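Novice:
Number of protein chains: 2
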Amino acid sequence: MKTNEAERRSFIKKAAVGGLLSLGLPSIVLSAFAEDKVKKFSLNKGDIILFQGDSITDAGRSRTDTAANNSKALGSGYPFLAAADLLNNFPEKDLKIYNKGVSGNKVYQLAERWNAEALDLKPNVLSILVGVNDYWHMKNGSYSGTIKTYRDDYKALLEKTKEKLPDVKLVIGEPYALLGTAVNKSWFPAFHEYRYVARDLADAFHATFIPYQTIYDKAVESAPASYWTPDGVHPSIAGARLMASAWSEIIKG
Amino acid sequence: MKTNEAERRSFIKKAAVGGLLSLGLPSIVLSAFAEDKVKKFSLNKGDIILFQGDSITDAGRSRTDTAANNSKALGSGYPFLAAADLLNNFPEKDLKIYNKGVSGNKVYQLAERWNAEALDLKPNVLSILVGVNDYWHMKNGSYSGTIKTYRDDYKALLEKTKEKLPDVKLVIGEPYALLGTAVNKSWFPAFHEYRYVARDLADAFHATFIPYQTIYDKAVESAPASYWTPDGVHPSIAGARLMASAWSEIIKG
Numbered sequence: 003m004k005t006n007e008a009e010r011r012s013f014i015k016k017a018a019v020g021g022l023l024s025l026g027l028p029s030i031v032l033s034a035f036a037e038d039k040v041k042k043f044s045l046n047k048g049d050i051i052l053f054q055g056d057s058i059t060d061a062g063r064s065r066t067d068t069a070a071n072n073s074k075a076l077g078s079g080y081p082f083l084a085a086a087d088l089l090n091n092f093p094e095k096d097l098k099i100y101n102k103g104v105s106g107n108k109v110y111q112l113a114e115r116w117n118a119e120a121l122d123l124k125p126n127v128l129s130i131l132v133g134v135n136d137y138w139h140m141k142n143g144s145y146s147g148t149i150k151t152y153r154d155d156y157k158a159l160l161e162k163t164k165e166k167l168p169d170v171k172l173v174i175g176e177p178y179a180l181l182g183t184a185v186n187k188s189w190f191p192a193f194h195e196y197r198y199v200a201r202d203l204a205d206a207f208h209a210t211f212i213p214y215q216t217i218y219d220k221a222v223e224s225a226p227a228s229y230w231t232p233d234g235v236h237p238s239i240a241g242a243r244l245m246a247s248a249w250s251e252i253i254k255g
Numbered sequence: 003m004k005t006n007e008a009e010r011r012s013f014i015k016k017a018a019v020g021g022l023l024s025l026g027l028p029s030i031v032l033s034a035f036a037e038d039k040v041k042k043f044s045l046n047k048g049d050i051i052l053f054q055g056d057s058i059t060d061a062g063r064s065r066t067d068t069a070a071n072n073s074k075a076l077g078s079g080y081p082f083l084a085a086a087d088l089l090n091n092f093p094e095k096d097l098k099i100y101n102k103g104v105s106g107n108k109v110y111q112l113a114e115r116w117n118a119e120a121l122d123l124k125p126n127v128l129s130i131l132v133g134v135n136d137y138w139h140m141k142n143g144s145y146s147g148t149i150k151t152y153r154d155d156y157k158a159l160l161e162k163t164k165e166k167l168p169d170v171k172l173v174i175g176e177p178y179a180l181l182g183t184a185v186n187k188s189w190f191p192a193f194h195e196y197r198y199v200a201r202d203l204a205d206a207f208h209a210t211f212i213p214y215q216t217i218y219d220k221a222v223e224s225a226p227a228s229y230w231t232p233d234g235v236h237p238s239i240a241g242a243r244l245m246a247s248a249w250s251e252i253i254k255g
């Protein structure tokens, strides 16, 4: 076991100077993070990392394979891609990574399964991305919750979490939407309120806030919105990679 | 559409100096590539990229979802992870990425399906990783092919490929094996001959050679072989990420 830290740093410097790092570098993410002063943290040996949320997090994960660090259990979205980064970058940390996102979930549905599928796993790091369905399902008439419901439910969920897991590191993702086959201009500005609530709660609970909307807004300078998320909500592979790079970037090296 | 190249370069430099790039940087890969002088190439707009091989490439891909850039069609191994990098890093190139790896395949089995599942797709970039089964199945008595069979079959496959697709960019992956639940010391040194054949053929056909064995040999300095490939052949998520980083690194930014 030798980490070759000096050798690694030397390569980083040479690679940066030589332009070798053009590939794989999340420049969009770095740019968004620089604007937002995103709070980073370190991982500890043995940390349990849990991804929670709706379909964006779910990403087709298996309900039968449930082991930590299992590709089927992690789905094919940003949690799997972030897990691959983390497991690759911290081989010495013995991380255990889970995804328990469920398609269609709003905050109250996270709350209904929170004991079994969040608290009981005793995560050291808990990442939550929820909100787009709280707006979308209200807008299409299938849900009566308002922005106040979203705020109250989310606040209660975080309070319960901190009560049961006082040392957990919280990561709160910004709900985002781009114009797409499922999202038209009538979503805005009302949808933005859900972003602001998530940001306010991240501040109030000292969570790391990942500004996914800012990141996607920068990404559409390079390719149309449909390239990153065809329907405006669910990411393409490229969009999922962008989100995973943001997630990986919140971890101190 | 603006690329913000100057801004991007500036971030790269700042990030390198500030140590921000510690995450996601394939230092193991860079170190292996520096030793091996790996030949890199650029992608063109509209390029079709095809991954071919055995179970390491297959990685549980769907046989029913077959569209380009589809996460199910790409499986959950290094082709999917590399595709995520490429689609994220080259949004302007309109890449079409396929995986047609089939679990258990030896070279002669690639040859049997080569027209339909390689040449007919008219790839601009064709990546092949094959060889471990040519050795493994011979060793366990289920296959009579020798190292000479491997060399002759592989050479014929590449000749046919260059005849039908004279401009294709070939990528040949080094077969690798680490001590694991499926690999013991009796594999060596005979197995090494398969690595050398793949390397010789890559030279002869002016292919880019990815030294996966070198990369894994460096990885075991950071964590036990079982962390990267539990059975010594099939990668963990961390191992797949390592291979994908190597693959992504052969593309000029």
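Protein chains in written order, with the working numbering: chain D, 3 to 255; chain H, 3 to 255. Backbone N, C-alpha and C define an ideal beta-carbon position, used for all residues, glycine too. Remember, it's a predicted structure, so these values are computed and weren't measured experimentally.
#1: Per the contact definition of three or more C-beta pairs closer than 8 angstroms, is the region 196–209 of chain D in contact with the region 32–40 of chain H?
#2: Can you give me the C-alpha to C-alpha distance between I252 of chain D and G103 of chain H, rounded to a whole angstrom?
#3: Quick one: grab the DSSP three-state call for L45 of chain H.
#4: Please confirm if I252 of chain H has its CB atom under 7 angstroms from at least one CB of chain D.
#5: Closer than 7 angstroms, CB to CB, is D232 of chain H near chain D or not?
#6: In terms of residue numbering, what span does the alpha helix (DSSP H) encompassing S73 of chain H cover?
#7: I'd like the ranges of any alpha helix (DSSP H) spanning at least 4 consecutive residues and lying wholly in the region 191–244 of chain D.
#8: Against chain D, which members of the region 81–94 of chain H pass a CB distance test of less than 8 angstroms?
#9: Identify whether K171 of chain H lies in helix, strand or coil by the three-state DSSP scheme.
#10: For chain D, find out if any of its Cβ atoms is closer than 7 angstroms to the Cβ of I269 of chain H; answer yes or no.
#11: Against chain D, does I58 of chain H count as a neighbour if the rule is that its beta carbon must be under 7 angstroms from one of theirs?
#12: Rounded to whole angstroms, what's the CA-CA distance from A240 of chain D to S146 of chain H? Just pull it up for me.
#13: Quick check: what's the CA-CA separation for P93 of chain D versus S73 of chain D?
#14: Measuring alpha carbon to alpha carbon, tell me which residue in H:K150, H:A85, H:K166 and H:P125 is nearest G133 of chain H.
#15: So A61 of chain D and Y100 of chain D are in contact, right, with Cβ under 8 angstroms, and what is the actual spacing, rounded?
#16: Give me the Cβ distance between N126 of chain D and K187 of chain D, rounded to the nearest whole Å; I'm assuming they're in contact under 8 angstroms.
#17: When the Cα atoms are used, what is the spatial distance from I58 of chain H to L131 of chain H?
#18: Please report the residue range of the alpha helix (DSSP H) in which I30 of chain D lies.
#19: Going by beta carbon distance, what residues of the same chain come within less than 6 angstroms of L1 of chain H, once the five residues before and after it are set aside?
#20: For D87 of chain H versus K47 of chain H, is the C-beta distance shorter than 7 angstroms?
#21: Which residues does DSSP list as the beta-bridge partners of F92 of chain H?
#22: Can you find a CB in chain D that lies within less than 7 angstroms of the CB of S78 of chain H?
#23: Listed in chain order, which residues of the region 216–229 of chain H have Cβ atoms closer than 7 angstroms to some Cβ of chain D?
#24: Can you pull the chain H neighbours of L244 of chain D, defined as C-beta to C-beta under 7 angstroms?
#25: Can you tell which of D:F82, D:S29 and D:D136 has its C-alpha closest to the C-alpha of D155 of chain D?
#26: What did DSSP end up calling K108 of chain H once you bin it into helix, strand or coil?
#27: List, in order along the chain, the chain D residues whose C-beta lies closer than 9 angstroms to that of N71 of chain H?
#28: In this structure, does DSSP put I50 of chain D in helix, strand or coil?
#29: Am I right that A242 of chain H and V31 of chain H are in contact with their C-beta atoms under 8 angstroms? What's the rounded C-beta distance?
#30: Once you ignore the five residues that flank Y214 of chain D on each side, which residues in its own chain have a CB closer than 8 angstroms to its CB?
#31: Are the beta-carbon atoms belonging to K166 of chain H and L121 of chain H less than 7 angstroms from one another?
Specialist: Put simply:
#1: no
#2: Within the first sequence, residue 252 of chain D is the residue found at index 250, counting from 1. Within the second sequence, residue 103 of chain H is the residue found at index 101, counting from 1. Cα to Cα, the separation comes out at about 34 angstroms.
#3: Taking the second sequence and counting its residues from 1, the one referred to as residue 45 of chain H is at position 43. It is coil, neither helix nor strand.
#4: For the purposes of this step, residue 252 of chain H is taken as residue 250 along the second sequence, with counting starting at 1. No, I252 of chain H lies away from the interface with chain D (no Cβ there is under 7 angstroms from its Cβ).
#5: By one-based count along the second sequence, residue 232 of chain H stands at place 230. Rather than Asp, the amino acid found at residue 232 of chain H in this sequence is Pro. So no, P232 of chain H is outside the interface.
#6: Looking up residue 73 of chain H in the second sequence gives position 71. S73 to L76 is the span of the alpha helix (DSSP H), which, as asked, contains S73 of chain H.
#7: 194–206, 214–221 and 227–230
#8: F82, L83, A85, A86, D87, L89, N90, N91, P93 and E94
#9: Here residue 171 of chain H refers to the residue found at position 169 when the second sequence is read from its first residue. Residue state, collapsed to three classes: strand.
#10: An answer regarding residue 269 of chain H cannot be provided, because it is not within the stretch 3 to 255 covered by chain H.
#11: Locating residue 58 of chain H in the second sequence gives position 56, where the first residue counts as 1. Chain D contact via Cβ: absent.
#12: By 1-based counting over the first sequence, the position of residue 240 of chain D is 238. By 1-based counting over the second sequence, the position of residue 146 of chain H is 144. If you take the alpha carbons of A240 of chain D and S146 of chain H, they lie about 43 angstroms apart.
#13: As a working note, residue 93 of chain D is residue 91 in the first sequence. As a working note, residue 73 of chain D is residue 71 in the first sequence. C-alpha separation (whole angstroms): 17 angstroms.
#14: Numbered from 1 along the second sequence, position 131 holds the residue referred to as residue 133 of chain H. Ranking H:K150, H:A85, H:K166 and H:P125 by Cα distance to G133 of chain H puts H:K150 first.
#15: Mapped onto the first sequence, residue 61 of chain D falls at position 59. Mapped onto the first sequence, residue 100 of chain D falls at position 98. Actually they are not in contact, since the Cβ atoms of A61 of chain D and Y100 of chain D sit about 13 angstroms apart, beyond 8 angstroms.
#16: Taking the first residue of the first sequence as position 1, residue 126 of chain D is located at position 124. Taking the first residue of the first sequence as position 1, residue 187 of chain D is located at position 185. Between K187 of chain D and N126 of chain D the Cβ distance is about 41 angstroms, and since that is not below 8 angstroms, they are no contact.
#17: Within the second sequence, numbered from 1, the residue matching residue 58 of chain H stands at position 56. Within the second sequence, numbered from 1, the residue matching residue 131 of chain H stands at position 129. Taking the straight line joining both Cα atoms gives about 8 angstroms.
#18: By 1-based counting over the first sequence, the position of residue 30 of chain D is 28. Element bounds for I30 of chain D: S29 to D38.
#19: Look at the range of chain H in this structure, 3 to 255, and you will see that residue 1 of chain H is not part of it.
#20: Taking the second sequence and counting its residues from 1, one reaches residue 87 of chain H at position 85. Taking the second sequence and counting its residues from 1, one reaches residue 47 of chain H at position 45. No, Cβ-Cβ distance for D87 of chain H and K47 of chain H is not below 7 angstroms.
#21: Position 90 of the second sequence, counting from 1, holds the residue named residue 92 of chain H. According to DSSP, which records beta bridges pairwise, F92 of chain H is partnered with nothing at all.
#22: Reading the second sequence from its first residue, position 76 is the one you call residue 78 of chain H. So yes, S78 of chain H belongs to the interface.
#23: E223, S224, A225 and Y229
#24: In the first sequence, the residue the question calls residue 244 of chain D occupies position 242. Here the neighbours are N90.
#25: What you label residue 155 of chain D is simply residue 153 of the first sequence in a count that begins at 1. When each option's Cα is compared against that of D155 of chain D, the closest is D:D136.
#26: Counting from one through the second sequence, the residue named residue 108 of chain H turns up at place 106. In the structure shown, K108 of chain H sits in coil (DSSP, three-state: anything other than H, G, I, E or B).
#27: One-based indexing of the second sequence puts residue 71 of chain H at position 69. Per Cβ cutoff of 9 angstroms: S238, I239 and A240.
#28: Reading the first sequence from its first residue, position 48 is the one you call residue 50 of chain D. I50 of chain D: strand per DSSP, three-state reduction.
#29: Stepping through the second sequence from its first residue, residue 242 of chain H is reached at position 240. Stepping through the second sequence from its first residue, residue 31 of chain H is reached at position 29. With a Cβ gap of about 13 angstroms, A242 of chain H and V31 of chain H do not count as contacting.
#30: For the purposes of this step, residue 214 of chain D is taken as the residue at position 212 of the first sequence. Counting only Cβ-Cβ distances below 8 angstroms, and skipping sequence neighbours, we find L131, G175, E176, P177, Y178, M245 and A248.
#31: Against the second sequence, residue 166 of chain H aligns to sequence position 164. Against the second sequence, residue 121 of chain H aligns to sequence position 119. Yes, the Cβ-Cβ distance between K166 of chain H and L121 of chain H is below 7 angstroms.
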